[in-house]
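Chemist:
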Amino acid sequence: MELYPSYKVSGIAKQSGQRAVYFGEFCDQTDFEPKGCVNWGRVVLKVTEATSKSAIAYWSQEVELLSQLSHDSYPKHYYHEIIKEDPQTETPIHPQLLISFEEFIESNPLSLYMQDYADEGKLIGLICDLVKILSVIWEHKNKFVHRDIKPDNILVRPDGKIVVIDLGILRQEGQPGVTNTMNPYGPCTPLYASPEQLVNDKRNISFKSDLFSIGILAYQLLTNQHPFIKNVENVDFDELIEGICEKKQISLKDIGYSSKISDIIDKLLMKEPYRRYRSINKLLEELSA
């Protein structure tokens, strides 16, 4: 089924779950296609199968937030719709398709530049930028939590500025959420998840959960090692749970790094959310000291 005849695909991202992501550009505009699409330039097309209420809820939340944001560090949202029938034949389709178009950002994922942030000064700059960018959603009226901070979801532009992508599993702090409470863990990338995410402790998921993920990322950027898992390529889930939820990382000041960066990362990686930073401004003050 051809959804948008004038959309010429130039690349396809690795499929994740029920979502397919395409890179391309409209060369024309037919009756089936969004108004003004030829003026968008290169765009990202996300196609999600509406296989569950949670898939629809996450998609709705993502497109609504991106539609509201006007920030260089998040992709610009152009258009979204739910496709319920084949555009050419008008035959109903199942599952229905959740569509969104976003700005294509000239960049590479942070995962390609990990070694560039092994310097403490550069790392501190990156953490400051990331915290300021995420504070836009943390301090939103709905108090959103990203829940999937990892190198592949942080893009680095040619000028070094970063962009946060993939708001597909946003959670509203303090709300019941759409994940079954009986599930062993909530939506996340387990290697970068907080303890409360890994045990699906919904009541304790907040911006502090994202802070824990930033702590894992920062430790990994400095040392080229995960703080809790020795062999990330072959870890099983039980070992991962034990490492993140129970093990203490080697403190960075014990292996040659400054007390400043060591103390900050140690606090980000506290197992109990209440022991992490309670204030975004306090974290930024300590980073800038």
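The opening position of the sequence shown corresponds to residue 1 in UniProt numbering, with each subsequent residue numbered one higher.
Quick reminder that beta carbons are idealized off the backbone N, C-alpha and C, glycines included.
#1: To the nearest angstrom, how far is it from the Cα of ASN200 to the Cα of GLY243?
#2: Can you tell me which of the three DSSP states SER6 falls into?
#3: Just to confirm before moving on: does the CB-CB distance between ILE264 and GLU286 stay below 7 angstroms?
#4: So what does DSSP say about ASN200, is it helix, strand or coil?
#5: Starting from ALA20, follow its DSSP beta bridges and name the residues at the other end.
#6: Run the CB neighbour count on THR89, radius 10 Å, all protein chains shown included, and call it buried at 16 or more, exposed below.
#7: Short check: CB of LEU110 to CB of ILE154, under 7 angstroms?
#8: So, using beta-carbon positions, are ARG171 and ILE137 closer together than 7 angstroms?
#9: Which first and last residues belong to the beta strand (DSSP E) in which TYR79 is found?
#10: Would a C-beta distance cut-off of 7 angstroms place TYR192 and LYS150 closer than the cut-off?
#11: State the Cα-Cα distance for the pair GLU103 and TRP40, rounded to the nearest angstrom.
#12: Could I get the ranges of all uninterrupted beta strand (DSSP E) runs contained in the region 97–183, with 3 residues as the minimum, in chain order?
#13: Would the beta-carbon of LYS122 be found less than 6 angstroms away from any heavy atom of the ligand GDP?
#14: Which one of LEU98, LEU65, GLY160 has the shortest CA to CA distance from LEU112?
#15: Quick one: any contact between the region 29–38 and the region 52–72, if contact means 3 or more CB pairs under 8 angstroms?
#16: Check whether the region 17–27 and the region 66–73 are in contact - that is, three or more C-beta pairs closer than 8 angstroms.
#17: Once the 5 residues before and after VAL232 are set aside, which same chain residues still bring their CB inside 7 angstroms of it?
#18: Output the boundary residues of the alpha helix (DSSP H) element that contains LEU211.
#19: What distance in whole Å lies between the Cβ atoms of VAL131 and LEU284, which are believed to be in contact at a cut-off of 8 angstroms?
#20: With DSSP as the reference, label GLU233 as helix, strand or coil.
#21: Does DSSP classify GLY36 as helix, strand or coil?
#22: Quick check: the Cα distance between ALA289 and ASN281, rounded to an integer number of angstroms?
#23: By Cβ distance, which residues of its chain are closer than 6 angstroms to PHE212, with the 5 residues on each side in sequence left out?
Modeler: For this structure:
#1: Within the sequence shown, the letter at position 200 stands for residue 200. Within the sequence shown, the letter at position 243 stands for residue 243. One C-alpha to the other measures close to 16 angstroms.
#2: Indexing the sequence shown from 1 puts residue 6 at position 6. Secondary structure of SER6 (DSSP, three-state): coil.
#3: Residue mapping note: residue 264 aligns to position 264 of the sequence shown, counting from 1. Residue mapping note: residue 286 aligns to position 286 of the sequence shown, counting from 1. Taking C-beta atoms as the reference points, ILE264 and GLU286 count as a pair closer than 7 angstroms.
#4: Translated into positions along the sequence shown, residue 200 becomes position 200. Here DSSP, grouped into helix, strand and coil, assigns ASN200 to coil.
#5: Walking along the sequence shown from the start, residue 20 turns up at place 20. ALA20 is bridged to VAL47.
#6: Indexing the sequence shown from 1 puts residue 89 at position 89. Exposed, because fewer than 16 other Cβ atoms sit within 10 Å of the Cβ of THR89.
#7: Within the sequence shown, numbered from 1, the residue matching residue 110 stands at position 110. Within the sequence shown, numbered from 1, the residue matching residue 154 stands at position 154. It is a contact, given that the beta carbons lie within the stated cut-off.
#8: For the purposes of this step, residue 171 is taken as residue 171 along the sequence shown, with counting starting at 1. For the purposes of this step, residue 137 is taken as residue 137 along the sequence shown, with counting starting at 1. Contact: no.
#9: The sequence position of residue 79 within the sequence shown is 79, counting from 1. Start and end: 77–85.
#10: Stepping through the sequence shown from its first residue, residue 192 is reached at position 192. Stepping through the sequence shown from its first residue, residue 150 is reached at position 150. Against a cut-off of 7 angstroms, the Cβ pair of LYS150 and TYR192 comes out as a contact.
#11: Your numbering for residue 103 matches position 103 in the sequence shown. Your numbering for residue 40 matches position 40 in the sequence shown. Their Cα atoms are separated by approximately 8 angstroms.
#12: 154–156, 162–164, all fully within the region 97–183.
#13: In the structure on display, the ligand GDP does not appear, and there are no ligands present to speak of.
#14: The count along the sequence shown starts at 1 and reaches residue 112 at position 112. Of the listed residues, the one whose Cα sits closest to LEU112 is GLY160.
#15: Not touching, per the Cβ criterion.
#16: No: the two stretches stay apart, fewer than three of their Cβ pairs being nearer than 8 angstroms.
#17: Counting from one through the sequence shown, the residue named residue 232 turns up at place 232. Excluding five sequence positions before and after VAL232, the CB atoms of its chain that fall closer than 7 angstroms to its own CB belong to LEU191, HIS226, given in chain order.
#18: In the sequence shown, residue 211 corresponds to position 211, counting from 1. Run containing LEU211: 207–223, per the alpha helix (DSSP H) assignment.
#19: Here the question's residue 284 lines up with position 284 in the sequence shown. Here the question's residue 131 lines up with position 131 in the sequence shown. Contact between LEU284 and VAL131 holds, with the beta-carbon distance rounding to 6 angstroms and staying under 8 angstroms.
#20: Along the sequence shown, one-based indexing puts residue 233 at 233. If DSSP states are grouped into helix, strand and coil, GLU233 belongs with coil.
#21: Mapped onto the sequence shown, residue 36 falls at position 36. GLY36: coil per DSSP, three-state reduction.
#22: Your numbering for residue 289 matches position 289 in the sequence shown. Your numbering for residue 281 matches position 281 in the sequence shown. Cα to Cα, ALA289 sits roughly 12 angstroms from ASN281.
#23: As a position in the sequence shown, residue 212 is number 212, starting the count at 1. Leaving aside the five residues that flank PHE212 on each side, the residues in its chain whose CB is nearer than 6 angstroms to its CB run, in chain order, SER194.
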